[in-house]
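The listed protein sequences correspond, in order, to chains A and B.
Sequential numbering from 1 applies to the first sequence in full-length UniProt numbering.
Sequential numbering from 1 applies to the second sequence in full-length UniProt numbering.
For glycine and all other residues, C-beta sits at the position ideal for the given N, C-alpha and C.
All remarks here apply to the structure that follows.
2 protein chains.
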Amino acid sequence: MRISELAEVTGSTVTTLKFYLRRGLLQPGHSVTRTQAEYGAEHVERVRLVRALSEVGGLDLAAVGRILEAIGAPDVGRLDVMATAQHALSGERRHESAGEGDDAPRGDERTRAWIAARKWQVDLRDATVDRLSEAWGACDDAGIGLDEGRLDAYADAAERIARIDVASVPPEPAGAVRQVVLGTVLVEPVLAALRLLAQQHMAITGGADPTK
Amino acid sequence: MRISELAEVTGSTVTTLKFYLRRGLLQPGHSVTRTQAEYGAEHVERVRLVRALSEVGGLDLAAVGRILEAIGAPDVGRLDVMATAQHALSGERRHESAGEGDDAPRGDERTRAWIAARKWQVDLRDATVDRLSEAWGACDDAGIGLDEGRLDAYADAAERIARIDVASVPPEPAGAVRQVVLGTVLVEPVLAALRLLAQQHMAITGGADPTK
């Protein structure tokens with residue numbers, strides 16, 4: 001199909017698709033003449049994926065590009081699936097485990113102490129530790145009352161979620177990174193909506209109605 | 001303090017603060033002369049809150065404005081705290097429960113059937129039902145493999161989170177909406193970071209390593 005048809009099928013505009021092509025988010029079509037290219041089912045899938053990641057997942061296009069790169073990497077089967085996926089998401093290059101002594105641990109003291117007490121085996125040089133530290137600090141500034149105990153309770157729930165995430169990764173390494181990356185990004189809005197609905201349910205059923 | 005000092009204390013710029021003033025996100029200072037106003041601790045707190053909601057919570061300024069409105073509403077104690085909070089977040093006006101027969105249920109058939117099977121007592125006319133429906137559909141389009149069973153497993157975790165959320169709301173209605181709204185927005189990035197770290201932990205400890 002031509003680019004105008006690709007736009008129609010995917011509900012985009014030709015302008016948007018040309019922008020994706022320039023940014024390398026959409027693979028080029030097969031040249032038919034010097035000014036015309038032919039697009040197929042793989043292009044439709046790619047456009048839908050870019051839009052899902054940016055519109056549903058809320059990622060900027062730089063992050064979308066990194067994720068597409070991680071998904072398309074040929075030697076992906078040899079890498080730790082979770083680590084590859086997470087680094088694509090966090091925007092950090094995956095650091096080498098040896099020979100880089102200046103990789104300082106991330107996050108503030110309190111966050112690192114909490115992780116240690118939790119006995120979570122995570123890489124303290126990962127950008128996610130910073131994200132947790134910053135998000136926790138913002139809760140403090142707003143007076144949310146998020147102490148270690150409440151964080152532990154949330155972490156129990158996060159472990160349940162992560163167990164489902166990890167169990168749902170396909171056994172073949174070929175599709176595993178794709179699954180993990182997309183699952184992490186696209187399930188996030190599902191979880192956010194479930195949380196809001198569950199709050200409603202809890203408030204309506206009155207089991208823990210805070211107003212009573 | 002002057003507006004330049006307020007900018008310095010909060011790590012903003014005068015341009016940003018003037019923009020907040022024009023948008024009504026920051027309450028005006030106390031006029032000293034015709035061209036000069038004095039700002040206090042309440043302004044510092046407000047600027048920090050706006051920035052936390054927009055930068056950490058990832059909300060656009062229209063949503064920040066609605067949230068500030070909900071937090072500041074004087075008769076908030078008489079309303080259902082959760083509903084007020086959620087409607088501020090979803091950008092929908094809180095519908096009246098009587099006399100509006102044309103409020104159609106939201107979301108697709110599958111989502112409503114799942115909610116019914118789950119026995120969640122939620123308002124099917126709420127925009128959150130649409131959000132769940134769309135996010136679930138995006139997972140399908142990307143081939144994530146999110147079926148009813150896996151959604152149920154995530155919902156179990158969401159119920160745990162919601163129970164903590166609801167239990168942490170202060171008993172006085174005065175601060176309750178503030179707590180719920182800010183908690184919902186600002187805890188979201190905490191939960192996202194916890195999920196990533198828990199994934200790492202699960203993958204490293206090998207209990208459910210998908211590559212093995």
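Is the CB of B:G145 under 8 Å away from at least one CB in chain A?
Within the second sequence, the letter at position 145 stands for residue 145 of chain B. So, interface residue.
Please name the residue in B:G107, B:L146, B:A117 whose C-alpha comes closest to that of B:R125.
Counted from its first residue, the second sequence places residue 125 of chain B at position 125. Ranking B:G107, B:L146, B:A117 by Cα distance to B:R125 puts B:G107 first.
To which residues of the same chain is A:Q179 closer than 8 Å at the C-beta, ignoring the five residues directly before and after it?
For the purposes of this step, residue 179 of chain A is taken as residue 179 along the first sequence, with counting starting at 1. Once the five neighbours on either side are set aside, the close Cβ partners of A:Q179 are S168, V169, P170.
Using the beta-carbon of each residue, which ones in chain B are nearer than 8 Å to A:H201?
Taking the first sequence and counting its residues from 1, the one referred to as residue 201 of chain A is at position 201. Per Cβ cutoff of 8 Å: W120, Q121, V122, E159, A162.
If contact is defined by three or more beta carbon pairs under 8 Å, each pair taking one atom from either stretch, is the stretch 153–163 of chain A in contact with the stretch 184–200 of chain B?
Enough Cβ pairs lie closer than 8 Å, so yes.
At a CB-CB cut-off below 8 Å, which residues of chain B make contact with A:Y154?
Position 154 of the first sequence holds residue 154 of chain A. Under the 8 Å cutoff, chain B gives I161, I164, V187, V190, L191, L194.
From the DSSP secondary-structure annotation, give me the bridge partner or partners of A:S31.
As a position in the first sequence, residue 31 of chain A is number 31, starting the count at 1. Under DSSP, the beta-bridge partners assigned to A:S31 are A:A37.
Just the chain A side, please: which residues come within less than 7 Å of B:W136 by C-beta, in chain order?
Taking the first residue of the second sequence as position 1, residue 136 of chain B is located at position 136. In chain order: V190.
Restricting to Cα atoms, I'd like to know which of A:Q200, A:S31, A:T10, A:L49 is closest to B:T184.
Here residue 184 of chain B corresponds to residue number 184 of the second sequence, with the count starting at 1. Of A:Q200, A:S31, A:T10, A:L49, the residue nearest in Cα terms is A:Q200.
Below 8 Å, can you find three or more Cβ-Cβ pairs linking the stretch 43–61 of chain A to the stretch 157–166 of chain A?
Result no; under three Cβ-Cβ pairs closer than 8 Å.
Do we get a CB-CB distance below 8 Å when we pair A:D60 with the residues of chain B?
Counted from its first residue, the first sequence places residue 60 of chain A at position 60. Not closer than 8 Å to any Cβ of chain B, the Cβ of A:D60 fails to qualify, so no.
For B:L53 versus B:V44, is the C-beta spacing smaller than 8 Å?
Counted from its first residue, the second sequence places residue 53 of chain B at position 53. Counted from its first residue, the second sequence places residue 44 of chain B at position 44. No, they are not a contact pair.
Residues in its own chain within less than 7 Å of A:G101 by CB, not counting five upstream and five downstream?
For the purposes of this step, residue 101 of chain A is taken as the residue at position 101 of the first sequence. Confidence in A:G101 is poor, its pLDDT being 45 and thus under 50, which makes the residue's placement unreliable; the coordinate value appears in the next sentence. Excluding sequence neighbours, A:G101 sits near nothing in its chain.
Going by alpha carbons, who is nearest to A:A117 out of A:S4, A:P105, A:G149?
The count along the first sequence starts at 1 and reaches residue 117 of chain A at position 117. Closest by C-alpha distance to A:A117, out of A:S4, A:P105, A:G149, is A:G149.
With a threshold of 16 other CB atoms inside 10 Å of the CB of A:E109, please say whether the residue is buried or exposed.
Translated into positions along the first sequence, residue 109 of chain A becomes position 109. Classified as exposed, A:E109 has fewer than 16 neighbouring CB atoms from the shown chains inside 10 Å of its CB.
DSSP three-state label for A:D140, please.
Within the first sequence, residue 140 of chain A is the residue found at index 140, counting from 1. Reduced to three states, the DSSP call for A:D140 is helix.
Identify, in the order they occur along the chain, each residue of the same chain with its Cβ nearer than 7 Å to the Cβ of A:L21, setting aside the five sequence neighbours on each side.
The residue you call residue 21 of chain A lines up with position 21 of the first sequence. P28, listed in sequence order.
Take the Cβ of B:E159 as the centre, count every other Cβ of all protein chains shown within 10 Å, and call the residue buried at 16 or more, exposed below.
In the second sequence, residue 159 of chain B corresponds to position 159, counting from 1. By the 10 Å Cβ count, B:E159 comes out buried.
For B:L68 versus B:Y39, is the C-beta spacing smaller than 8 Å?
Taking the first residue of the second sequence as 1, we reach residue 68 of chain B at position 68. Taking the first residue of the second sequence as 1, we reach residue 39 of chain B at position 39. Cβ distance not < 8 Å, so B:L68 and B:Y39 don't count as in contact.
Along the alpha helix (DSSP H) that carries A:L151, what are the first and last residues, could you check?
Taking the first sequence and counting its residues from 1, one reaches residue 151 of chain A at position 151. That run of the alpha helix (DSSP H) goes 148–167.
State the DSSP-derived secondary structure class of B:S4, mapped to helix, strand or coil.
Counting from 1 along the second sequence, the entry for residue 4 of chain B is found at position 4. Three-state DSSP puts B:S4 in a helix.
Residues of chain A with CB under 7 Å from B:R48, in chain order?
The count along the second sequence starts at 1 and reaches residue 48 of chain B at position 48. Within chain A, the residues near B:R48 are D141.
On the DSSP letters alone, give me the boundaries of the alpha helix (DSSP H) that A:L21 sits inside.
Start at 1 with the first residue of the first sequence, and residue 21 of chain A comes out as number 21. It spans 14–23 - the alpha helix (DSSP H) in which A:L21 sits, taken as one unbroken run.
Is there a C-beta anywhere in chain A that falls below 8 Å from the one on B:L26?
Position 26 of the second sequence, counting from 1, holds the residue named residue 26 of chain B. Not an interface residue.
Out of curiosity, what's the CA-to-CA distance linking A:A135 and A:D141?
As a working note, residue 135 of chain A is residue 135 in the first sequence. As a working note, residue 141 of chain A is residue 141 in the first sequence. Rounded to whole angstroms, A:A135 to A:D141 spans 10 Å at the Cα level.
Using a C-beta to C-beta distance shorter than 7 Å, which residues of chain A count as neighbours of B:T205?
Taking the second sequence and counting its residues from 1, the one referred to as residue 205 of chain B is at position 205. Proximity of chain A to B:T205 at the Cβ level (cut-off 7 Å) is accounted for by Q121, in chain order.
Can you tell me the Cα-Cα spacing of B:V9 and A:A138, whole angstroms?
Residue numbering aside, residue 9 of chain B sits at position 9 when the second sequence is read from its first letter. Residue numbering aside, residue 138 of chain A sits at position 138 when the first sequence is read from its first letter. Cα to Cα, B:V9 sits roughly 16 Å from A:A138.
Where do the N-terminal and C-terminal ends of the alpha helix (DSSP H) with B:R112 fall, by residue?
In the second sequence, residue 112 of chain B corresponds to position 112, counting from 1. Element bounds for B:R112: 109–118.
Residues in its own chain within less than 8 Å of A:R23 by CB, not counting five upstream and five downstream?
Mapped onto the first sequence, residue 23 of chain A falls at position 23. These residues qualify, in order along the chain: L61, G65.
For B:V181, is the beta carbon positioned less than 7 Å from some heavy atom of the ligand GDP?
What this structure holds is no ligand at all, so the ligand GDP is not there to describe.
Just checking: is the beta-carbon of B:L17 within a distance shorter than 8 Å of some beta-carbon in chain A?
In the second sequence, counting from the first residue as 1, residue 17 of chain B sits at position 17. Closer than 8 Å: no.
Is any beta-carbon of chain A found at less than 8 Å from that of B:T35?
The residue given as residue 35 of chain B occupies position 35 in the second sequence. So no, B:T35 is outside the interface.
How is B:A104 classed by DSSP in three states: helix, strand or coil?
Start at 1 with the first residue of the second sequence, and residue 104 of chain B comes out as number 104. DSSP places B:A104 in coil when its eight states are reduced to three.
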